[in-house]
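Peer 1: Below you'll find the structure I mean.
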Amino acid sequence: MVEDEEMKNCENIVNLLEGYLAGTLAEAQRAEVESHLAECELCRKEVRLFDALRQTPAVPAPPILRRNVMERLRAEKTCHKVRIFDKVLSLFRFRFFVWGAAAAVIIFSVVIGIQLLSPRYYIGTYIPDTYRLPSNIQEDMVAANRTALFRNEARAPELETFAERALLRDADREAGSALNILNRFNASKIKQVRKIEKPAETFYSFEISVEDLKRFETAIKNTNIRIVKQQMIVASADSDSDAKAHEGGAKNLFYQADEESNRLGEAWKRKDAPALLTAPEPVGARVAETVPALGGAAGSLSPQSSSNLKSAEVQVADERTTPIVRGAESKSKMIQGTPSRKSGGDRYYQVEIGIRDQP
Amino acid sequence: MGSETKHQTGTESALIERSRQGDLEAFDSLVQIHQDRIYNLSLRLLGNEEDALDLAQEAFCAAFRKMGSFRGEAAFFSWLYRITVNQAKNFWRKGAQRVSDRSVPLEPANSENEREYAPPIPNGAPNPRQQAAGHELRAILDEKMNELSFDFRTILSLRFMEGLSYEEIAEALGCNTGTVKSRLNRARKELRDLMEPYL
Numbered sequence: 017m018v019e020d021e022e023m024k025n026c027e028n029i030v031n032l033l034e035g036y037l038a039g040t041l042a043e044a045q046r047a048e049v050e051s052h053l054a055e056c057e058l059c060r061k062e063v064r065l066f067d068a069l070r071q072t073p074a075v076p077a078p079p080i081l082r083r084n085v086m087e088r089l090r091a092e093k094t095c096h097k098v099r100i101f102d103k104v105l106s107l108f109r110f111r112f113f114v115w116g117a118a119a120a121v122i123i124f125s126v127v128i129g130i131q132l133l134s135p136r137y138y139i140g141t142y143i144p145d146t147y148r149l150p151s152n153i154q155e156d157m158v159a160a161n162r163t164a165l166f167r168n169e170a171r172a173p174e175l176e177t178f179a180e181r182a183l184l185r186d187a188d189r190e191a192g193s194a195l196n197i198l199n200r201f202n203a204s205k206i207k208q209v210r211k212i213e214k215p216a217e218t219f220y221s222f223e224i225s226v227e228d229l230k231r232f233e234t235a236i237k238n239t240n241i242r243i244v245k246q247q248m249i250v251a252s253a254d255s256d257s258d259a260k261a262h263e264g265g266a267k268n269l270f271y272q273a274d275e276e277s278n279r280l281g282e283a284w285k286r287k288d289a290p291a292l293l294t295a296p297e298p299v300g301a302r303v304a305e306t307v308p309a310l311g312g313a314a315g316s317l318s319p320q321s322s323s324n325l326k327s328a329e330v331q332v333a334d335e336r337t338t339p340i341v342r343g344a345e346s347k348s349k350m351i352q353g354t355p356s357r358k359s360g361g362d363r364y365y366q367v368e369i370g371i372r373d374q375p
Numbered sequence: 101m102g103s104e105t106k107h108q109t110g111t112e113s114a115l116i117e118r119s120r121q122g123d124l125e126a127f128d129s130l131v132q133i134h135q136d137r138i139y140n141l142s143l144r145l146l147g148n149e150e151d152a153l154d155l156a157q158e159a160f161c162a163a164f165r166k167m168g169s170f171r172g173e174a175a176f177f178s179w180l181y182r183i184t185v186n187q188a189k190n191f192w193r194k195g196a197q198r199v200s201d202r203s204v205p206l207e208p209a210n211s212e213n214e215r216e217y218a219p220p221i222p223n224g225a226p227n228p229r230q231q232a233a234g235h236e237l238r239a240i241l242d243e244k245m246n247e248l249s250f251d252f253r254t255i256l257s258l259r260f261m262e263g264l265s266y267e268e269i270a271e272a273l274g275c276n277t278g279t280v281k282s283r284l285n286r287a288r289k290e291l292r293d294l295m296e297p298y299l
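Protein sequence lines correspond, in order, to chains A and B. In short: position in the first sequence from 1, add 16, done, that's the working numbering. In short: position in the second sequence from 1, add 100, done, that's the working numbering.
Following this line, the structure appears as structure tokens:
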């Protein structure tokens with residue numbers, strides 16, 4: 017117990033030692049500490065320890081410390097400015113990259129969007145170009161397409177409406193651009209020949225070079241333009257008599273084909289549109305079947321042969337089958353004419369086309 | 101701002117404010133005011149001049165970078181001490197072995213530095229200057245201080261060598277005064293046990 021009390025007393029004294037050494041204790045406390053120290057060796061050791069701790073001298077900082085600090089901070093400040101410039105620059109570069117990427121994505125989306133929204137790819141239903149037909153048939157086609165849509169799987173009504181509208185818009189646009197197409201192919205002597213009301217169709221004649229005609233035929237595929245007739249004209253005939261002998265026949269052919277074209281158009285219009293539309297084979301083939309008088313394969317065209325004439329007429333009526341230029345290339349089809357565009361043996365064609373009006 | 105004037109003089113407050121705006125000249129003045137305290141603390145924490153110089157430099161540079169975060173709740177020197185102690189911990193972790201190997205102090209190159217200063221941490225054998233001053237016990241004390249843990253050495257240095265109050269130590273170490281008192285007590289007892297044969 018006595019030792020415990022002494023220990024407790026020592027702890028109290030130790031707590032006062034700092035103040036004692038600093039000379040801040042009250043007189044009574046100082047006397048208490050001094051009387052305890054006179055008896056307690058342990059606490060005298062504490063005093064020596066405290067004294068040694070307090071005596072540790074402070075040394076002045078070397079001047080190089082301040083110099084180094086300021087040099088480093090000045091260098092850092094300069095670096096900081098450079099870093100800020102770099103950051104701004106990199107930010108600009110990054111923004112440039114981001115804007116570029118965003119623009120690329122937008123352009124890509126627009127292109128893909130246009131592709132997807134065009135009727136032929138609409139919601140995965142392929143609408144063949146062969147169905148770009150006269151306006152009255154167009155409506156039937158839409159009806160058929162709707163049937164096909166429902167048959168395949170249920171579609172939301174608003175999507176079907178959208179498909180129909182997109183389809184009709186497309187047809188309108190092509191009707192307006194028909195004559196522009198003609199002008200692009202260096203056609204000369206373009207003039208309107210006639211116009212019929214049912215089905216609404218306007219006929220034009222023009223002259224065009226061999227090369228341009230080929231390009232023209234490619235261009236008008238799947239449009240509302242059809243070639244009604246075409247005749248090769250040789251600028252300097254190698255045999256005048258031959259040409260003259262055929263001239264009458266050629267003209268005959270010209271008018272017969274014209275009439276037949278009209279007749280066929282009427283027949284075509286009377287056909288059951290949905291039946292035509294769902295046909296897997298080209299519509300032209302179906303037309304040939306439904307008009308027995310015109311039956312027969314497309315072959316060489318000869319003004320003297322009535323059967324050949326008929327098969328030629330089939331081709332005239334169906335703009336999607338092989339163009340009659342093949343037949344027209346036979347010598348018997350050539351007639352002499354006055355070269356209006358070219359001279360010196362160049363060949364060119366006199367062509368008549370029909371452009372169907374779209375609603 | 102009011103709290104700043106509570107702890108700092110008007111001049112120091114103005115220097116602090118200018119330093120916070122990035123004024124290097126103002127900070128240079130602050131370094132001049134506090135460099136001795138920070139250098140001495142560094143010396144006691146790391147035990148050799150070379151590391152102490154590095155530590156003091158790092159502490160001042162870090163302080164300048166962090167000037168924006170100094171709100172004036174504590175005295176500026178307590179805040180500087182806190183930065184120094186934290187930097188010293190990093191030094192200690194990185195080079196504990198290296199520091200112990202280099203505990204024998206080197207004589208400063210007098211030709212380079214204008215001031216002459218005594219090597220503060222001698223090894224077991226005190227140099228003649230210290231012997232002449234009769235500081236044998238202090239030399240042993242410096243050696244034994246190096247044997248203490250970093251936390252004990254830090255708190256003893258702040259209390260007895262730097263003369264900080266419990267509150268100032270609490271600010272410098274980022275703890276409360278109760279922790280300061282108990283840790284200080286344990287540190288003192290451990291040091292006394294180490295110094296027992298020499299007292």
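For every residue, glycine included, the Cβ atom is placed at its ideal position computed from N, Cα and C.
Check the Cβ-Cβ distances between A/Asn25 and every residue of chain B, and say whether any is below 9 Å.
Peer 2: Counted from its first residue, the first sequence places residue 25 of chain A at position 9. It does not: the Cβ of A/Asn25 has no partner Cβ on chain B nearer than 9 Å.
Peer 1: Nearest by alpha-carbon distance to B/Gly168: which of B/Ser113, B/Glu125, B/Arg120 is it?
Peer 2: For the purposes of this step, residue 168 of chain B is taken as the residue at position 68 of the second sequence. When only C-alpha atoms are compared, the closest one is B/Arg120.
Peer 1: Given that a residue counts as buried once 16 or more other Cβ atoms are within 10 Å of its Cβ, and exposed if not, what is B/Glu125?
Peer 2: The residue given as residue 125 of chain B occupies position 25 in the second sequence. Exposed.
Peer 1: Between the Cα of A/Ile371 and those of A/Arg363, A/Thr40, A/Lys237, spot the shortest distance and give me the residue it belongs to.
Peer 2: On the first sequence, position 355 is the one that residue 371 of chain A refers to. When each option's Cα is compared against that of A/Ile371, the closest is A/Lys237.
Peer 1: Check the Cβ of A/Gln45 against every Cβ in chain B and list those closer than 7 Å, keeping chain order.
Peer 2: Reading the first sequence from its first residue, position 29 is the one you call residue 45 of chain A. Under the 7 Å cutoff, chain B gives no residues; its nearest Cβ is about 19 Å from A/Gln45.
Peer 1: Any chance the CB of B/Glu117 is under 8 Å from a heavy atom of the ligand MN?
Peer 2: Looking at this structure, you won't find the ligand MN or any other ligand, since it has none at all.
Peer 1: Mind checking the stretch 151 to 162 of chain B against chain A and listing, in chain order, the residues whose C-beta falls within less than 7 Å of any C-beta there?
Peer 2: Listed by position, the residues of the stretch 151 to 162 of chain B near chain A (Cβ gap below 7 Å) are Leu153, Ala156, Gln157, Phe160, Cys161.
Peer 1: Kindly say whether B/Gln231, judged by its beta-carbon, lies nearer than 9 Å to any beta-carbon of chain A.
Peer 2: For the purposes of this step, residue 231 of chain B is taken as residue 131 along the second sequence, with counting starting at 1. Bear in mind that a pLDDT of 49 at B/Gln231, under 50, signals an unreliable position, so the model cannot answer this.
Peer 1: Within 10 angstroms of its Cβ, does A/Ser359 collect 16 or more other Cβ (buried), or is it exposed?
Peer 2: Within the first sequence, numbered from 1, the residue matching residue 359 of chain A stands at position 343. Here A/Ser359 scores only 42 on pLDDT, less than 50, and its place in the model is too uncertain to base an answer on.
Peer 1: Under the rule that 16 or more other beta-carbon atoms within 10 Å means buried, what is A/Lys245, buried or exposed?
Peer 2: The residue labelled residue 245 of chain A in the question sits at position 229 within the first sequence. Buried, by the Cβ-count rule.
Peer 1: Rounding to the nearest angstrom, what Cα-Cα distance links B/Val134 and B/Ala152 in this structure?
Peer 2: Numbered from 1 along the second sequence, position 34 holds the residue referred to as residue 134 of chain B. Numbered from 1 along the second sequence, position 52 holds the residue referred to as residue 152 of chain B. Note on residue identity: the sequence assigns His, not Val, to residue 134 of chain B. About 14 Å.
Peer 1: Compare the C-beta of A/Lys61 against all C-beta atoms of chain B and say whether one is closer than 9 Å.
Peer 2: Position 45 of the first sequence holds residue 61 of chain A. So, interface residue.
Peer 1: According to DSSP, is A/Arg64 part of a helix, a strand, or is it coil?
Peer 2: Here residue 64 of chain A is taken as the residue at index 48 of the first sequence, counted from 1. DSSP places A/Arg64 in helix when its eight states are reduced to three.
Peer 1: Apply the 10 Å Cβ neighbour rule to B/Asp242 and answer buried if 16 or more other Cβ atoms are within range, or exposed otherwise.
Peer 2: The residue given as residue 242 of chain B occupies position 142 in the second sequence. So B/Asp242 counts as buried.
Peer 1: Cα separation between A/Ile241 and A/Val114?
Peer 2: Sequence index remark: in the first sequence, residue 241 of chain A carries index 225 (1-based). Sequence index remark: in the first sequence, residue 114 of chain A carries index 98 (1-based). Approximately 47 Å between the Cα atoms of the pair.
Peer 1: For A/Glu223, which residues in the same chain have their Cβ closer than 8 Å to its Cβ, ignoring the five residues on either side in sequence?
Peer 2: Here residue 223 of chain A is taken as the residue at index 207 of the first sequence, counted from 1. So the list reads Ala203, Ser204, Lys205, Ile249, Ser356, Arg357, Tyr364, Tyr365, Gln366, Val367, once near-sequence residues are dropped.
Peer 1: Judging by CA-CA distance, which residue of A/Asp373, A/Arg64, A/Glu233 is the nearest neighbour of A/Thr218?
Peer 2: In the first sequence, residue 218 of chain A corresponds to position 202, counting from 1. For A/Thr218, the nearest C-alpha among the options comes from A/Asp373.
Peer 1: Compile a chain-ordered list of the residues in the stretch 276 to 290 of chain B whose CB is closer than 7 Å to at least one CB of chain A.
Peer 2: Residues: none.
Peer 1: Give me the Cα-Cα distance between A/Arg46 and A/Glu62, rounded to the nearest whole angstrom.
Peer 2: Here residue 46 of chain A refers to the residue found at position 30 when the first sequence is read from its first residue. Here residue 62 of chain A refers to the residue found at position 46 when the first sequence is read from its first residue. C-alpha separation (whole angstroms): 16 Å.
Peer 1: Hey, quick one: how far does the beta strand (DSSP E) through A/Lys237 stretch, first residue to last?
Peer 2: Here the question's residue 237 of chain A lines up with position 221 in the first sequence. It is not in any beta strand (DSSP E) - A/Lys237 carries neither H nor E in the DSSP assignment.
Peer 1: With B/Gln157 as the anchor, note down where its alpha helix (DSSP H) starts and where it stops.
Peer 2: Counted from its first residue, the second sequence places residue 157 of chain B at position 57. Looking at the DSSP string, the run of the alpha helix (DSSP H) that includes B/Gln157 is 149 to 165.
Peer 1: By Cβ distance below 8 Å, which residues in the same chain neighbour B/Tyr139 in space, the five residues on each side in sequence not counted?
Peer 2: Counted from its first residue, the second sequence places residue 139 of chain B at position 39. Excluding positions up to five away in sequence, the list reads Ala152, Leu153, Ala156.
Peer 1: Going along chain B, which residues have a C-beta under 9 Å from A/Lys93?
Peer 2: As a first step, residue 93 of chain A is located in the first sequence; it is residue number 77 there, counting from the start. In chain order: Gly122, Leu124.
Peer 1: Measuring straight from C-alpha to C-alpha, what distance separates A/Arg111 and A/Leu105?
Peer 2: For the purposes of this step, residue 111 of chain A is taken as residue 95 along the first sequence, with counting starting at 1. For the purposes of this step, residue 105 of chain A is taken as residue 89 along the first sequence, with counting starting at 1. Roughly 10 Å between the two C-alpha positions.
Peer 1: Which same chain residues end up closer than 6 Å to B/Ala188 when comparing Cβ atoms and leaving out the 5 residues on each side of it in sequence?
Peer 2: The residue given as residue 188 of chain B occupies position 88 in the second sequence. Excluding sequence neighbours, B/Ala188 sits near Leu145, Leu155.
Peer 1: Quick one: grab the DSSP three-state call for B/Ser249.
Peer 2: Counted from its first residue, the second sequence places residue 249 of chain B at position 149. DSSP places B/Ser249 in coil when its eight states are reduced to three.
Peer 1: Looking only at its own chain, which residues have a Cβ that is under 6 Å from the Cβ of B/Phe160, when we skip the five neighbours before and after it?
Peer 2: In the second sequence, counting from the first residue as 1, residue 160 of chain B sits at position 60. These residues qualify, in order along the chain: Val131.
Peer 1: When you compare the CB of A/Val85 with every CB in chain B, is at least one pair closer than 9 Å?
Peer 2: Walking along the first sequence from the start, residue 85 of chain A turns up at place 69. Answer yes: the Cβ-Cβ gap between A/Val85 and chain B drops below 9 Å somewhere.
Peer 1: The beta strand (DSSP E) spanning A/Tyr365 covers which residue range?
Peer 2: Here residue 365 of chain A corresponds to residue number 349 of the first sequence, with the count starting at 1. Per DSSP, A/Tyr365 belongs to the beta strand (DSSP E) from 363 to 372.
Peer 1: Can you give me the Cβ contacts of B/Ser249 inside the same chain, cut-off strictly under 6 Å, excluding the 5 residues immediately before and after it?
Peer 2: Numbered from its first residue, the second sequence carries residue 249 of chain B at position 149. Nothing listed; no residue qualifies.
Peer 1: Taking B/Ala272 and B/Val185 to be in contact with their CB atoms under 8 Å, please state how far apart those CB atoms are, rounded to whole angstroms.
Peer 2: As a working mapping, residue 272 of chain B is identified with position 172 in the second sequence. As a working mapping, residue 185 of chain B is identified with position 85 in the second sequence. Yes, they are in contact, since the Cβ atoms of B/Ala272 and B/Val185 sit about 6 Å apart, within 8 Å.
Peer 1: Note down the Cα distance separating B/Phe314 from B/Glu150, rounded to an integer number of angstroms.
Peer 2: Shown here, chain B extends from 101 to 299; a query on residue 314 of chain B therefore has no answer.
Peer 1: Between the alpha carbons of A/Glu48 and B/Leu264, how many angstroms are there, rounded?
Peer 2: By 1-based counting over the first sequence, the position of residue 48 of chain A is 32. By 1-based counting over the second sequence, the position of residue 264 of chain B is 164. Using only the alpha carbons, I get a separation of about 26 Å.
Peer 1: Could you check the C-alpha separation between A/Ile130 and A/Ala119 for me, to the nearest Å?
Peer 2: For the purposes of this step, residue 130 of chain A is taken as residue 114 along the first sequence, with counting starting at 1. For the purposes of this step, residue 119 of chain A is taken as residue 103 along the first sequence, with counting starting at 1. Rounded to whole angstroms, A/Ile130 to A/Ala119 spans 16 Å at the Cα level.
Peer 1: Using a Cβ-Cβ distance under 9 Å, would B/Asn140 count as near chain A?
Peer 2: The count along the second sequence starts at 1 and reaches residue 140 of chain B at position 40. Judged by the 9 Å Cβ criterion, B/Asn140 is in contact with chain A.
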